[in-house]
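Shown next, in structure tokens, is the structure this report addresses.
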Amino acid sequence: MPVGSQMPLAKSKSFGMAKILYYLPEITYFITAWLLLDLLGSGLFRLLVRPRAKRNWDEAQSSIEASTIQDDQSPQSWLNYLTQSNPTRTEPSTRVRLRMKGIVRSNPKSKWHPSEIKAFFTLQPLTMVWYADITRAFMVSVKATEQYSQSQGFSTRWLLSTFPYRWKKAALPLALAQRNAFYSLAAAVWQPNWWLFYQLNWNEAMVDGLAFTCTMDGQPFFLKAKTNDQQELEELSLWSENWQEWQTALRWSDYRVFQEQKMPFQVEVLRRDKAGEVFVQADLQVTDVVQKGKYAWW
563 MPVGSQMPLA
573 KSKSFGMAKI
583 LYYLPEITYF
593 ITAWLLLDLL
603 GSGLFRLLVR
613 PRAKRNWDEA
623 QSSIEASTIQ
633 DDQSPQSWLN
643 YLTQSNPTRT
653 EPSTRVRLRM
663 KGIVRSNPKS
673 KWHPSEIKAF
683 FTLQPLTMVW
693 YADITRAFMV
703 SVKATEQYSQ
713 SQGFSTRWLL
723 STFPYRWKKA
733 ALPLALAQRN
743 AFYSLAAAVW
753 QPNWWLFYQL
763 NWNEAMVDGL
773 AFTCTMDGQP
783 FFLKAKTNDQ
793 QELEELSLWS
803 ENWQEWQTAL
813 RWSDYRVFQE
823 QKMPFQVEVL
833 RRDKAGEVFV
843 QADLQVTDVV
853 QKGKYAWW
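Count along the sequence shown from 1, add 562, and you get the number used in the numbering used here.
Okay, structure coming up:
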């Protein structure tokens with residue numbers, strides 16, 4: 563190739579670099595403003611979320627009396643799970659805080675996004691504050707909150723940690739509140755003594771899993787549980803009335819003994835989309851568990 567034919571390419575590269583350098587101050591300003599906005603928004607966001615979590619934590623009854631496992635009408639596999647979970651240890655607590663890291667997505671075809679999640683649950687009253695920091699792309703994050711309190715479910719998404727672009731509020735028995743109440747109930751897997759305070763009514767006619775109902779705030783929930791060969795609670799799913807249609811589920815693994823109780827440190831959230839396709843919405847690793855004590859934000 564003649565030497566002269568490379569000249570236009572070299573000039574093009576030189577011109578492109580000069581153009582980038584020309585707009586470098588504007589680019590630097592844009593990046594700095596973006597970072598400052600996200601930092602400011604994160605601070606404002608936490609001013610809203612933290613007090614809500616602290617209020618629920620402080621209002622919850624601090625302790626409950628120790629109870630015993632009753633050999634009643636519960637299936638034997640459920641009794642085996644309760645026994646090996648050791649829910650009757652002394653000084654049971656009505657509170658639990660979790661910190662988790664993992665990946666989430668909104669539908670079966672969307673990309674996975676790294677996320678850090680903090681969750682706060684209480685038993686009396688039954689409440690939940692769930693907070694997630696989701697990294698959508700480089701320098702683009704979305705803050706998300708889910709809440710269940712006083713028989714209502716709440717859901718908020720914040721762009722750049724500052725601007726709420728989706729807000730939902732629903733009273734039971736609508737699907738959103740049911741889902742958040744289901745998450746609150748399922749937190750018993752990290753506080754096994756809670757199962758002893760729920761009124762579980764078993765349906766022995768169902769052969770696919772352990773089917774039972776649990777009534778909270780006057781609303782019955784239709785649930786199914788599955789245990790594995792190690793007598794661990796492997797899955798808990800929420801169904802529509804009379805177990806007609808599966809809605810959402812939690813799947814647990816990586817059980818370890820923590821503070822005399824056996825609990826999972828890996829959790830998957832399964833959802834069914836509008837087309838009926840079941841997919842894993844979140845795959846999370848529990849990195850920290852606090853079962854009692856004064857409120858503290860990580």
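A virtual CB, placed ideally from N, CA and C, is assigned to each residue, including glycine.
Check: Using CA atoms only, rank isn't needed, just tell me which of GLU796, SER711, PRO782 and ARG617 is closest to TRP805.; Outcome: PRO782
Check: Rounded to the nearest angstrom, what separates SER815 and ALA694 at their Cα positions?; Outcome: 21 Å
Check: Have a look at SER746, SER717, ALA773 and GLN853 and flag the residue whose alpha-carbon is nearest the alpha-carbon of LYS824.; Outcome: GLN853
Check: List the endpoints of the continuous beta strand (DSSP E) containing GLN781.; Outcome: 781-789
Check: Residues in the same chain with beta-carbon distance under 7 Å from THR849, minus the five sequence neighbours each way, listed in chain order, please.; Outcome: ARG661, MET662 and LYS663
Check: Quick check: ARG741 and LEU800, are their CB atoms within less than 8 Å of each other?; Outcome: yes
Check: Excluding the 5 residues flanking LEU688 on each side, which residues of the same chain have their C-beta closer than 8 Å to its C-beta?; Outcome: TYR710, ALA743, SER746, LEU747, MET778 and ASP779
Check: If we count the other Cβ atoms within 10 Å of its Cβ and call it buried at 16 or more, is PRO676 buried or exposed?; Outcome: exposed
Check: Which one of LEU846, PHE682, GLN635 and SER639 has the shortest CA to CA distance from TRP619?; Outcome: PHE682
Check: Given GLU830, which residues of its chain have a CB within under 6 Å of its CB, disregarding the five upstream and five downstream residues?; Outcome: ARG813, VAL842 and ASP845
Check: Quick test of your reading: ASN648 and PRO754, contact by CB under 8 Å. State the CB separation rounded to the nearest angstrom.; Outcome: 7 Å
Check: Look at the alpha carbon of LEU734 and the alpha carbon of GLN714, and state the distance between them as a whole number of angstroms.; Outcome: Bear in mind that a pLDDT of 39 at LEU734, under 50, signals an unreliable position, so the number given afterwards is only what the model happens to contain. Their backbone Cα atoms lie some 6 Å apart in a straight line.
Check: Is it right to say LYS673 is buried, meaning 16 or more other beta carbons lie within 10 angstroms of its own, or is it exposed?; Outcome: exposed
Check: According to the neighbour-count rule (16 or more other Cβ atoms, all chains shown, within 10 Å of its Cβ), is VAL691 buried or exposed?; Outcome: buried
Check: Report the three-state DSSP secondary structure of TYR760 (helix, strand or coil).; Outcome: coil
Check: Is it buried or exposed, ALA803, if we count other Cβ atoms within 10 angstroms and call 16 or more buried?; Outcome: In the sequence as presented, Ala is not what sits at residue 803; that position holds Glu. GLU803 should be labelled exposed.
Check: THR645: buried (16+ other C-beta within 10 angstroms of its C-beta) or exposed?; Outcome: exposed
Check: So LEU756 and SER636 are in contact, right, with Cβ under 8 Å, and what is the actual spacing, rounded?; Outcome: It is Trp, not Leu, that sits at residue 756 in the sequence shown. With 8 Å as the limit, TRP756 and SER636 do not qualify as a contact, their Cβ atoms being about 15 Å apart.
Check: Out of GLN821, SER655 and ILE665, which one is the CA nearest neighbour of GLU678?; Outcome: ILE665
Check: Shortest alpha-carbon distance to VAL819 belongs to which of LYS680, VAL851 and MET768?; Outcome: VAL851
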